[in-house]
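**Student:** Can you read through this structure? Questions will come right after.
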Amino acid sequence: QVQLVVSGGGLVQPGGSLRLSCAASGSGFTINAMRWYRQAPGNQREWLTTITRGGTTNYAYSVKGRFTFSRDNAKNTVYLQMIGLNPEDTAVYYCHARTVMASYWGQGTQVTVSS
């Protein structure tokens, strides 16, 4: 069983930055990949980025060059650094982890980009 705790959302002005964190806990698991998604009101959940167990990252076109996915293995924590935020980035952001047996979601954190 994996628990994911997401933090770091909030209100930011256009052009601003935020860093989201997702801390994984539990025992007896190996996470093969972690992902960030977001969901804006009225929209489907959108995949943003993946980091594999080997450290390879992939990004959706909409965030490539502005968002950076990183991890701290010692802390079992991943981060989503977001720069150049615009109102279209307003959404609830979710962390996701996949093991061999199952997938897990964090609770989501609201990011609002507004002046």
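If you use our numbering, the sequence shown corresponds to residues 139 to 253, in order.
Glycine included, each C-beta is placed from N, C-alpha and C at the ideal position.
Owing to the predicted nature of the structure, the values given are computational and were not obtained by experimental measurement.
1. So what does DSSP say about N211, is it helix, strand or coil?
2. Give me the Cα-Cα distance between R157 and Y217, rounded to the nearest whole angstrom.
3. Closer than 7 Å by C-beta to T206: which residues in its own chain qualify, once you throw out the five before and the five after it? Chain order, please.
4. Quick test of your reading: A143 and Y242, contact by CB under 8 Å. State the CB separation rounded to the nearest angstrom.
5. For I221, list the residues DSSP reports as bridge partners.
6. Please state if the CB of A178 and the CB of T237 are separated by a distance shorter than 8 Å.
**Tutor:** In this structure, then:
1. helix
2. Rounded to whole angstroms, R157 to Y217 spans 7 Å at the Cα level.
3. Q219
4. One point to set straight first is that residue 143 is Val, not Ala, in the sequence displayed. Not really, about 11 Å apart at Cβ, beyond 8 Å.
5. Paired residue(s): none; I221 is not in a bridge.
6. no
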